[in-house]
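The opening position of the sequence shown corresponds to residue 1 in UniProt numbering, with each subsequent residue numbered one higher. We treat Cβ as the ideally placed atom computed from N, Cα and C, and that holds for glycine. Fair warning: this is a prediction, and the values are worked out from it, not measured in the lab. Encoded as structure tokens, the structure appears first; notes follow it.
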Amino acid sequence: MVSRVRVWLNRTYAENVFFMDQLRRNPSDRAVEIHATHGDPDSPVLAAADTAELEPEGLSPAAYVEFALDQCQRRGIDVFVPRLHQSAIVAHRAEFEALGTALLAPPPEAVAVFHDKVIAYEAVQAIGVPVPPWWRVRTAAELVTAVEALEADGQKACFKPASGAGGVGFRVITRSPFSMTQLSGFPSPYVPLDLVVEALESADAGVGVDWLVMPRLEQPEVSVDCLTGPDNLIRLAVGRTKNGRRRGFTLHEQWLEPARLIAEGFGLHYLSNIQFRMFGDRPVLMDVNTRPAGGLHQLSLCGVNAPWAAVQLALGEDPGEMAPPFLGQDYTVVSGPRPLRPVTLPPQRIEEPAEPLLPSVPAVAVEPSVAESVGSTGSSAAGALRL
1 MVSRVRVWLN RTYAENVFFM DQLRRNPSDR AVEIHATHGD PDSPVLAAAD TAELEPEGLS
61 PAAYVEFALD QCQRRGIDVF VPRLHQSAIV AHRAEFEALG TALLAPPPEA VAVFHDKVIA
121 YEAVQAIGVP VPPWWRVRTA AELVTAVEAL EADGQKACFK PASGAGGVGF RVITRSPFSM
181 TQLSGFPSPY VPLDLVVEAL ESADAGVGVD WLVMPRLEQP EVSVDCLTGP DNLIRLAVGR
241 TKNGRRRGFT LHEQWLEPAR LIAEGFGLHY LSNIQFRMFG DRPVLMDVNT RPAGGLHQLS
301 LCGVNAPWAA VQLALGEDPG EMAPPFLGQD YTVVSGPRPL RPVTLPPQRI EEPAEPLLPS
361 VPAVAVEPSV AESVGSTGSS AAGALRL
């Protein structure tokens with residue numbers, strides 16, 4: 001009898017409930033039990049897991065590694081998919097392996113290269129992957145220099161943190177003054193240059209910035225999901241295209257070839273996501289994620305279960321070279337409800353009325369069986385309230 005596999009996802013994106021669904025629907029019908037931890041008690045990944053715990057807040061990376069080792073030992077984790085503190089965790093791979101836990105993550109050298117976008121651009125450019133022009137900016141003067149250089153070339157400038165994920169901190173520079181236009185409709189990523197300069201110049205001395213300034217790249221955006229073995233060889237590469245709301249899939253080599261160069265050249269073991277956009281008439285690298293993409297489950301529309309194939313690789317069960325049996329039709333993404341864990345509501349305070357609402361009645365003795373019944377009913381009602 002094949003034993004069940006115990007997989008842990010630490011603090012991860014809500015969309016990875018679909019990652020968990022795919023693990024359970026693996027083609028081998030092997031039993032998978034999922035453990036999840038998160039800092040937000042209302043994260044849907046906690047409700048979707050078989051077992052779940054809240055993560056302690058404020059842990060340093062070193063302290064988090066100790067927390068993770070304890071989780072793996074107590075929970076009997078076979079495969080750990082780390083997102084939070086990935087860099088610190090992969091540096092202790094041998095300690096996890098000693099507990100019988102495989103890390104579904106690249107080696108520390110690969111994670112370090114792509115933690116900083118400037119270092120990443122320099123590294124991939126050296127192996128022949130095209131990148132857009134960029135400037136590293138830490139001061140207002142450096143920002144103005146970079147923006148003026150891009151505008152002189154007819155480009156629109158944007159910036160984002162040199163180390164960051166998920167589009168956090170991304171802004172597009174505009175020369176238009178702040179006006180009612182910015183206050184109508186939904187919030188916009190556009191920000192006037194003079195306001196950014198003013199914010200930088202007035203920031204406290206201890207507040208530093210480290211931005212990557214580059215031209216705003218054009219659509220389509222193509223995210224190539226890669227599955228790479230510990231031998232540095234690609235098992236699967238499929239591009240997911242994004243052009244406005246319309247999404248689809250591609251196996252065109254203009255996207256897959258540079259993705260393979262990066263994944264194999266830097267040893268991005270297991271699951272990675274490599275993103276490209278257009279600069280003029282050619283694709284250039286936008287970003288590299290050394291973790292599974294939130295939209296990885298969309299490859300199921302091509303008949304591919306990438307999460308399970310990655311777990312197989314982590315367990316030493318090589319699925320071999322994979323190709324999607326078909327490419328799914330164009331699609332869009334819509335949201336849907338997912339359950340959350342029950343919460344315990346604080347007891348409500350009941351104010352006594354100033355005057356009795358009903359005339360007082362003599363006390364009546366209650367039989368023990370009746371009292372027990374009332375107590376049971378009250379507990380059930382309280383339980384329903386907590387749900």
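Taking DSSP as the reference, what is the three-state secondary structure of A365?
Below a pLDDT of 50, predicted positions are generally treated as unreliable, and A365, at 37, falls in that range; no measurement from the model is reported.
Alpha carbon to alpha carbon, what distance is there between P307 and A283?
The residue asked about is misnamed: residue 283 is Pro in this sequence, not Ala. For P283 and P307, the distance between alpha carbons rounds to 27 Å.
Helix, strand or coil at F18 according to DSSP, with G and I counted as helix
helix
Can you give the Cα-Cα distance for A146 and P61, rounded to whole angstroms?
34 Å
G239: buried (16+ other C-beta within 10 angstroms of its C-beta) or exposed?
buried
Would you please verify whether the beta carbon of Y331 is less than 7 Å from any beta carbon of chain B?
As a matter of chain content, chain B is missing from the structure shown, which is built from one protein chain.
Would you give the residue range spanned by the alpha helix (DSSP H) that K117 belongs to?
K117 to A126
Cβ-based burial, T332 [other Cβ within 10 Å; buried from 16]
exposed
When the Cα atoms are used, what is the spatial distance from V168 to G185?
20 Å
I need the boundaries of the beta strand (DSSP E) containing G239, first residue and last residue.
I234 to N243
Between the stretch 6 to 22 and the stretch 286 to 297, are three or more C-beta pairs nearer than 8 Å?
yes
Span of the alpha helix (DSSP H) around R260
E253 to G265
Taking 6 Å as the limit between beta carbons, can you name the residues of its chain near E253, skipping five residues before and five after?
none
Along the chain, where does the beta strand (DSSP E) containing P177 start, and where does it finish?
Element bounds for P177: n/a, residue is neither H nor E.
Evaluate the contact criterion for the stretch 308 to 317 versus the stretch 118 to 130: three or more CB pairs, one atom per stretch, below 8 Å.
no
Beta-carbon separation of P48 and H35 under 7 Å?
This sequence places Ala at residue 48; Pro is not what is there. No, these two residues do not count as a Cβ contact at 7 Å.
Assuming V103 contacts Q73 under a Cβ cut-off of 8 Å, what Cβ separation, rounded to an integer in Å, is found between them?
Contrary to the premise, residue 103 reads as Leu rather than Val in this sequence. About 14 Å; that fails the 8 Å criterion.
Just to confirm the assignment, what range does the alpha helix (DSSP H) spanning P283 have?
From DSSP, P283 is part of no alpha helix (DSSP H) but of the beta strand (DSSP E) over R282 to N289.
Under 7 Å between the Cβ atoms of A105 and V124?
no
Do Y270 and A237 come within 7 Å of each other at the CB atom, strictly closer than that value?
no
Between which two residues does the beta strand (DSSP E) containing Y190 stretch?
Y190 to P192
Using 8 Å for Cβ pairs, my map puts residue 398 next to P220. What's the rounded Cβ distance?
No answer is possible for residue 398: it lies beyond the span of the chain, which begins at 1 and ends at 387.
Closest by C-alpha distance to L23, when choosing among G39, T37, R6 and H38:
R6
Looking at the structure shown, is P130 part of a helix, part of a strand, or coil, going by DSSP?
coil
Run of the alpha helix (DSSP H) containing T145, from where it starts to where it stops
A140 to A152
Compute the Euclidean distance between the alpha carbons of E57 and E218, then round it to the nearest angstrom.
39 Å
Residue from A152, R138, F276 and E201 with nearest C-alpha to L212
R138
The alpha helix (DSSP H) that contains R93, what's its start and end?
R93 to A98
Give the secondary structure of residue 389 by DSSP, where H, G and I count as helix, E and B as strand, and everything else as coil.
Because the chain is modelled from 1 through 387, residue 389 falls outside the range shown and cannot be assessed.
Between N16 and the ligand MG, is there a pair consisting of the residue's CB and a ligand heavy atom that are separated by less than 6 Å?
The ligand MG is absent from the structure shown, which contains no ligand whatsoever.
Rounded C-beta distance between A110 and L268? I'm assuming under 8 Å.
5 Å
Using only the alpha-carbon positions, how far apart do I173 and A149 sit?
13 Å
Can you grab the Cα-Cα spacing for the pair V334 / A141, in whole Å?
42 Å
If you count every other CB in all the chains shown that lies within 10 Å of the CB of V207, and 16 or more means buried, which is it?
exposed
Would you grab the beta carbon distance between P189 and R171 for me? Rounded to a whole angstrom, and I think it's under 8 Å.
6 Å
Member of L301, D70 and P337 whose CA lies at the smallest distance from the CA of residue 435
Nothing can be reported for residue 435, as the shown portion of the chain is limited to 1 through 387.
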